[in-house]
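> Here you go, one structure.
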Amino acid sequence: MAITSHSTGKTRSGGSGSAFVDLSHEITSGATAYPGMQQPVLEDYISREQSREMYAPGTPT
981 MAITSHSTGK
991 TRSGGSGSAF
1001 VDLSHEITSG
1011 ATAYPGMQQP
1021 VLEDYISREQ
1031 SREMYAPGTP
1041 T
């Protein structure tokens, strides 16, 4: 059996009657959410400058 993902367009087939179904989707700020749930808000948790203060010198940021 072959399954085509709507999000990636990739087709996978599995042996013994198994199938892989890709249900992933892109999450964007303000995207439609399940009724009653808040819309997603995507923002930086900390800035690069703030991360430099939190990690040891020489740690890539």
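Numbering (this note's numbering), first residue to last: 981 to 1041.
We put the beta carbon where it would ideally sit given N, CA and C, even for glycine.
Tell me the rounded alpha-carbon separation between T1008 and P1015.
17 Å
> Distance check for R1032 and G1038, CA to CA, integer angstroms please.
9 Å
> Which same chain residues, not among the five before or five after A1013, have their C-beta less than 8 Å away from its C-beta?
Q1019 and P1020
> Which same chain residues end up closer than 8 Å to Y1025 when comparing Cβ atoms and leaving out the 5 residues on each side of it in sequence?
none
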